[in-house]
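S.K.:
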Amino acid sequence: MSFSPWRFCIAPMMDWTDRHCRVFHRQLSSRALLYTEMVTAAAIRHGDRDRLLGFDAAEHPVALQIGGSDPALLAEAARWGEAFGYCEINLNVGCPSDRVQTGRFGACLMAEPELVRDCLAAMRAAVSVPVTVKCRIGIDAQDEEEDFSRFVETVRQSGVSPFIVHARKAWLQGLSPRENREIPPLNHERVYRLKQRQPDLTVVINGGITSLDDACRHLDHVDGVMLGRAAYQTPWLLHDVDNRLFGARASTRCPLDVVIGMKPYVAGQLARGVPLHAITRHMLGLFHGQPGGRLWRRVLSEEGVRPGAGLEVLDRALAEVAARIGTAKIAAE
Numbered sequence: 139m140s141f142s143p144w145r146f147c148i149a150p151m152m153d154w155t156d157r158h159c160r161v162f163h164r165q166l167s168s169r170a171l172l173y174t175e176m177v178t179a180a181a182i183r184h185g186d187r188d189r190l191l192g193f194d195a196a197e198h199p200v201a202l203q204i205g206g207s208d209p210a211l212l213a214e215a216a217r218w219g220e221a222f223g224y225c226e227i228n229l230n231v232g233c234p235s236d237r238v239q240t241g242r243f244g245a246c247l248m249a250e251p252e253l254v255r256d257c258l259a260a261m262r263a264a265v266s267v268p269v270t271v272k273c274r275i276g277i278d279a280q281d282e283e284e285d286f287s288r289f290v291e292t293v294r295q296s297g298v299s300p301f302i303v304h305a306r307k308a309w310l311q312g313l314s315p316r317e318n319r320e321i322p323p324l325n326h327e328r329v330y331r332l333k334q335r336q337p338d339l340t341v342v343i344n345g346g347i348t349s350l351d352d353a354c355r356h357l358d359h360v361d362g363v364m365l366g367r368a369a370y371q372t373p374w375l376l377h378d379v380d381n382r383l384f385g386a387r388a389s390t391r392c393p394l395d396v397v398i399g400m401k402p403y404v405a406g407q408l409a410r411g412v413p414l415h416a417i418t419r420h421m422l423g424l425f426h427g428q429p430g431g432r433l434w435r436r437v438l439s440e441e442g443v444r445p446g447a448g449l450e451v452l453d454r455a456l457a458e459v460a461a462r463i464g465t466a467k468i469a470a471e
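The numbering of the sequence shown is my numbering, which starts it at 139 and goes up by one.
1. Going by Cα to Cα distance, which pick from VAL161, TRP144, PRO143 is closest to GLY406?
2. Just the Cα atoms here: how many angstroms apart are HIS198 and ASP338?
3. For LEU324 versus PRO373, is the C-beta spacing smaller than 8 Å?
4. ALA460 by DSSP, collapsed to three states: which one?
5. For ALA249 versus ILE277, is the C-beta spacing smaller than 8 Å?
6. Touching or not, the region 162-176 and the region 318-337, by the rule of three or more beta carbon pairs under 8 Å?
7. Starting from LYS307, follow the beta strand (DSSP E) in both directions and report where the run begins and ends.
8. What's the gap between the Cα of ILE182 and the Cα of TRP434?
9. Taking C-alpha atoms, which residue in THR270, GLY346, PHE222 lies nearest to THR340?
10. Where does ASN230 fall in DSSP's three states?
11. How is ARG145 classed by DSSP in three states: helix, strand or coil?
12. Going along the chain, which residues of its own chain have a beta-carbon closer than 7 Å to the beta-carbon of TRP144, five neighbours each way excluded?
13. Looking only at DSSP bridge pairs, what is ALA488 linked to?
14. Taking only the alpha-carbon atoms, compute the straight-line gap between VAL379 and HIS415 and give it to the nearest angstrom.
15. At the level of alpha carbons, what is the spacing between TRP218 and PRO209?
16. If you run the structure through DSSP and keep just helix, strand and coil, what is PHE289?
17. Give the DSSP-derived three-state secondary structure of GLU471 in the structure shown.
18. My assumption, with CB atoms under 8 Å, is that HIS359 sits in contact with LYS333. Please give the rounded CB distance.
19. Report back the beta-carbon spacing between LEU310 and ALA245 to the nearest angstrom; my notes put them in contact at under 8 Å.
20. Quick check: the region 447-463 against the region 399-413, are at least 3 beta-carbon pairs closer than 8 Å?
21. Where do the ends of the alpha helix (DSSP H) carrying MET152 lie?
22. What does the Cβ neighbour count give for LEU449, buried or exposed, with the cut at 16 atoms within 10 Å?
23. Please name the residue or residues paired with ILE417 in a DSSP beta bridge.
24. Can you give the Cα-Cα distance for HIS163 and THR390, rounded to whole angstroms?
25. Considering Cα atoms alone, identify which of GLU283, ARG432, GLY366 is closest to PHE146.
26. Within 10 angstroms of its Cβ, does GLN295 collect 16 or more other Cβ (buried), or is it exposed?
27. Alpha carbon to alpha carbon, how far is ARG444 from LEU438?
28. Got a sec? Which residues, its chain only, sit under 8 Å from GLN280 by beta carbon, not counting five neighbours each side?
29. Give the DSSP-derived three-state secondary structure of VAL303 in the structure shown.
30. Applying the 10 Å Cβ sphere with the 16-neighbour rule, what's the burial state of ILE473?
31. Go through its chain and collect everything with a Cβ distance to GLY442's Cβ below 7 Å, but skip five positions before and after it.
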């Protein structure tokens with residue numbers, strides 16, 4: 139059974155999808171395509187590349203998302219991403235934050251499709267791995283039909299085919315990044331029409347997808363789905379991705395095993411001086427809706443942030459939840 143590598147993805151999310159989060163998510167699905175937080179091309183040129191781009195081999199398949207608007211600088215950043223071993227380089231044309239706008243990248247670039255085309259063409263010429271773009275269906279007063287169609291027609295001239303589309307507009311003035319994820323109305327049908335009219339494009343839909351049932355319904359219309367907040371806040375839903383969306387054996391059938399599987403990684407990171415909370419903060423939602431889930435969160439949130447916190451805190455949180463929920467019951471759900 140063969141599927142597009144973009145069939146199921148976890149969205150790039152600033153301050154959330156760091157390397158520790160990705161290792162955790164990989165415990166739940168071996169097939170989901172993971173994305174880094176956005177890293178600017180300028181930071182890659184001038185910053186600590188090992189810190190910005192380094193990742194654990196266990197995270198694969200993992201893609202690098204970069205931000206910028208200078209074709210030459212983006213091409214250089216893409217080359218670094220490929221050298222570090224990422225399987226895809228993605229250009230952010232969807233983030234609406236003021237800081238991103240000031241740097242002339244993110245969603246504001248939807249007003250400059252020719253520049254986006256040139257950026258992607260330069261990136262594509264610089265690397266052999268796939269180059270993709272993540273965008274919105276429009277910004278501000280743009281028309282979701284005509285302007286978005288023009289954007290796609292122009293950008294695809296770069297030779298880039300995979301379009302990851304957040305099915306909302308972004309309002310660059312008047313709404314915060316959080317509000318831009320919630321207030322502009324969803325228009326999934328607009329993304330469907332993109333695939334209908336241009337079937338040769340690979341189209342991945344993002345925005346407002348909260349379950350694997352939702353994901354399966356969208357896959358009747360597009361090539362792939364990308365989950366963001368739902369995957370982060372209720373990560374246990376990821377455990378059935380391999381089975382339901384790829385026809386493969388599930389990576390795990392019990393969330394307790396996920397915690398046990400994380401322990402060697404946590405131990406290794408603690409030995410390198412990484413604070414426990416930097417890792418376990420991504421695991422808080424693992425037992426969401428399960429007996430003991432609140433205790434799990436409380437132990438990790440309160441004790442995990444203390445100086446010197448170690449594996450004993452994770453063990454204590456695990457014991458609390460294990461005492462309140464049967465392994466057999468979890469495995470059956």
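Note that the Cβ used here is the ideal one computed from N, Cα and C, for glycine as well.
Bear in mind that the values here come from a model prediction, so they are computed numbers and not experimental data.
M.R.: Taking the geometry as given:
1. As a position in the sequence shown, residue 406 is number 268, starting the count at 1. Comparing Cα-Cα distances from GLY406 to each of VAL161, TRP144, PRO143, the minimum goes to VAL161.
2. Start at 1 with the first residue of the sequence shown, and residue 198 comes out as number 60. Start at 1 with the first residue of the sequence shown, and residue 338 comes out as number 200. The alpha-carbon atoms of HIS198 and ASP338 are separated by roughly 27 Å.
3. Taking the first residue of the sequence shown as position 1, residue 324 is located at position 186. Taking the first residue of the sequence shown as position 1, residue 373 is located at position 235. Against a cut-off of 8 Å, the Cβ pair of PRO373 and LEU324 comes out as no contact.
4. Position 322 of the sequence shown, counted from the start, is the residue given in the question as residue 460. If DSSP states are grouped into helix, strand and coil, ALA460 belongs with the helices.
5. Indexing the sequence shown from 1 puts residue 249 at position 111. Indexing the sequence shown from 1 puts residue 277 at position 139. Here ALA249 is near ILE277, since their CB atoms are less than 8 Å apart.
6. Too few Cβ pairs lie closer than 8 Å, so no.
7. Against the sequence shown, residue 307 aligns to sequence position 169. Where LYS307 is concerned, there is no enclosing beta strand (DSSP E), given that its DSSP letter is neither H nor E.
8. Position 44 of the sequence shown, counted from the first residue, corresponds to residue 182. Position 296 of the sequence shown, counted from the first residue, corresponds to residue 434. Taken atom to atom, the span from the alpha-carbon of ILE182 to that of TRP434 is near 37 Å.
9. Counting from 1 along the sequence shown, the entry for residue 340 is found at position 202. For THR340, the closest of THR270, GLY346, PHE222 by C-alpha to C-alpha distance is THR270.
10. Indexing the sequence shown from 1 puts residue 230 at position 92. In this structure, ASN230 counts as strand in the three-state DSSP scheme.
11. Indexing the sequence shown from 1 puts residue 145 at position 7. Collapsing the DSSP output to three states places ARG145 in coil.
12. If you number the sequence shown from 1, residue 144 lands on position 6. Its chain contains LEU171, PRO300, THR340, VAL342, ASP361, GLY362 as the residues whose beta carbon lies nearer than 7 Å to that of TRP144, once the 5 sequence neighbours on both sides are disregarded; these appear in chain order.
13. Any property of residue 488 remains undetermined from this structure, which presents the chain solely from 139 to 471.
14. Here the question's residue 379 lines up with position 241 in the sequence shown. Here the question's residue 415 lines up with position 277 in the sequence shown. The alpha-carbon atoms of VAL379 and HIS415 are separated by roughly 27 Å.
15. As a first step, residue 218 is located in the sequence shown; it is residue number 80 there, counting from the start. As a first step, residue 209 is located in the sequence shown; it is residue number 71 there, counting from the start. When rounded, the distance between both Cα atoms is 14 Å.
16. Along the sequence shown, read from residue 1 onward, the residue named residue 289 stands at position 151. Of the three classes helix, strand and coil, the one that applies to PHE289 here is helix, per DSSP.
17. Taking the sequence shown and counting its residues from 1, one reaches residue 471 at position 333. Residue placement at GLU471 cannot be trusted, given a pLDDT of 38 that sits under 50; the coordinates are not used to answer.
18. Within the sequence shown, numbered from 1, the residue matching residue 359 stands at position 221. Within the sequence shown, numbered from 1, the residue matching residue 333 stands at position 195. Yes, HIS359 and LYS333 are in contact; Cβ-Cβ is about 6 Å, under 8 Å.
19. Stepping through the sequence shown from its first residue, residue 310 is reached at position 172. Stepping through the sequence shown from its first residue, residue 245 is reached at position 107. Contact holds; Cβ gap of about 7 Å.
20. Yes, the region 399-413 is in contact with the region 447-463.
21. Your numbering for residue 152 matches position 14 in the sequence shown. Annotation for MET152: no alpha helix (DSSP H) segment contains it, and DSSP assigns it neither H nor E.
22. As a position in the sequence shown, residue 449 is number 311, starting the count at 1. By the neighbour-count criterion, in which 16 or more other beta carbons inside 10 Å mark a residue as buried, LEU449 falls on the exposed side.
23. For the purposes of this step, residue 417 is taken as the residue at position 279 of the sequence shown. DSSP lists no bridge partner for ILE417.
24. Residue numbering aside, residue 163 sits at position 25 when the sequence shown is read from its first letter. Residue numbering aside, residue 390 sits at position 252 when the sequence shown is read from its first letter. If I take the Cα positions, the gap works out to 11 Å.
25. Residue 146 sits at position 8 when you count from the first residue of the sequence shown. For the residues GLU283, ARG432, GLY366, the minimum Cα distance to PHE146 belongs to GLY366.
26. Residue 295 sits at position 157 when you count from the first residue of the sequence shown. Flag for GLN295 reads exposed.
27. In the sequence shown, residue 444 corresponds to position 306, counting from 1. In the sequence shown, residue 438 corresponds to position 300, counting from 1. Distance between the alpha carbons of ARG444 and LEU438 is about 10 Å.
28. Within the sequence shown, the letter at position 142 stands for residue 280. Within the same chain, GLN280 has close Cβ partners MET248, ALA249, PHE286, LYS307.
29. As a first step, residue 303 is located in the sequence shown; it is residue number 165 there, counting from the start. Taken through DSSP and simplified to helix, strand or coil, VAL303 comes out as strand.
30. In this structure the chain extends from 139 to 471, so residue 473 is not present and cannot be described.
31. Position 304 of the sequence shown holds residue 442. Closer than 7 Å at Cβ, skipping near neighbours: LEU414, HIS415, THR418, VAL451.
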